[in-house]
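Beneath this line is the structure, given in structure tokens, with notes to follow.
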Amino acid sequence: MEKKSRKQEILDAALACFTENGIEATTIDMIRERSGASVGSLYHHFGSKDAIAAAVYIAALDEHGDLQRRHLSGVGSAEDAVKALVHAYVDWIAANPDKARFVLYSRGVVSRGESAADLAAHSKARVSEIKAWFRKYIEEGSVRDWPLECYGSLITGPAHDYARLWLSGRAKTDIKAYREIFADAAWNAVRSA
843 MEKKSRKQEI LDAALACFTE NGIEATTIDM IRERSGASVG SLYHHFGSKD
893 AIAAAVYIAA LDEHGDLQRR HLSGVGSAED AVKALVHAYV DWIAANPDKA
943 RFVLYSRGVV SRGESAADLA AHSKARVSEI KAWFRKYIEE GSVRDWPLEC
993 YGSLITGPAH DYARLWLSGR AKTDIKAYRE IFADAAWNAV RSA
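In the working numbering, the protein residues as written are 843 to 1035.
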């Protein structure tokens, strides 16, 4: 097994602290103690607690994005692509519930922090990537020509809503049990009539 980098150890410890205490209640000292890193190492890698929170957030988005790209690689049809996006979303959430909770419930706090501009640029780049990828299906007529900003809600909206319920413990059935239902709903929402 590959040894984690000090930076990754800090990010993992921070996620655990944020999960247990929330971002605001977590202190640098809690992260330092849990990670075993020195205060100097924390500040060397990140500079502040806000920067650590943003790094945890962006790393989670990147991890999901990597899984999404793997699911999308080799798909041919628009239907397969839409369903691949949903599958990647559901699979990532099921495999990473603490990271998913952090992403779903901490965006407001992270986006108000000192790394807000970095987070906005990162999000814009991810959305642009998906929009560019989907444009070919719109142009060929297999996907409805909705405003581009609506596709995320139409494709992952049902899974996203259920994820919030499941991650908070208000829904007991594992999100993966409904993976195909959410994928079919997404395809039905965007496919050309």
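Ideal Cβ placement from N, Cα and C applies to all residues, glycine included.
When the five nearest sequence neighbours on each side are left out, the beta carbons in the same chain lying within less than 8 Å of the beta carbon of Ala936 are those of Asp1016, Ile1017, Lys1018, in order along the chain.
Around the Cβ of Gln910, a 10 Å sphere holds 16 or more other Cβ atoms; the residue is buried. Fully contained in the region 866-899 are the following alpha helix (DSSP H) runs of length 4 or more, in chain order: 870-877, 881-887.
Trp988 is classed as exposed because its beta carbon has fewer than 16 other beta carbons within 10 Å across all chains shown. Short of 7 Å from the beta carbon of Trp1029, and not among the five residues preceding or following it, lie these beta carbons of its own chain, in chain order: Glu921, Val924, Lys925. Distance from the CA of Arg986 to the CA of Ser883, rounded to the nearest whole angstrom, comes to 50 Å. By the Cβ criterion, the region 937-951 is in contact with the region 858-866, since at least three pairs of Cβ atoms, one from each stretch, lie closer than 8 Å.
One Cα belongs to Ser970, the other to Ala1035, and the distance between them is close to 25 Å.
With contact defined as three or more Cβ pairs closer than 8 Å, the region 900-910 and the region 930-947 are in contact.
Inter-residue distance for Glu956 and Gly878 is about 25 Å (C-alpha atoms, whole angstroms).
Annotated as distal: Ile870 and Cys859, with beta-carbon spacing of 7 Å or more.
The Cβ atoms of Arg876 and Val932 do not sit closer than 7 Å to each other.
Here Val924 carries a helix assignment [DSSP, helix/strand/coil].
Between the beta-carbon of Ala897 and that of Leu853 there is about 6 Å, and that keeps the pair under the 8 Å contact cut. In summary, Ala959 is exposed, with fewer than 16 beta-carbon neighbours lying within 10 Å of its beta-carbon over all protein chains present. In the DSSP assignment, Val985 forms a beta bridge with Arg1033. Here Gly950 carries a helix assignment [DSSP, helix/strand/coil]. For Ala855, the enclosing alpha helix (DSSP H) begins and ends at 848-863. Spatial neighbours of Gly907 in its own chain (CB-CB distance under 7 Å, excluding positions within 5 residues in sequence) are listed in chain order as Arg968. With 16 or more neighbouring CB atoms inside 10 Å of its own CB, Lys891 falls in the buried class.
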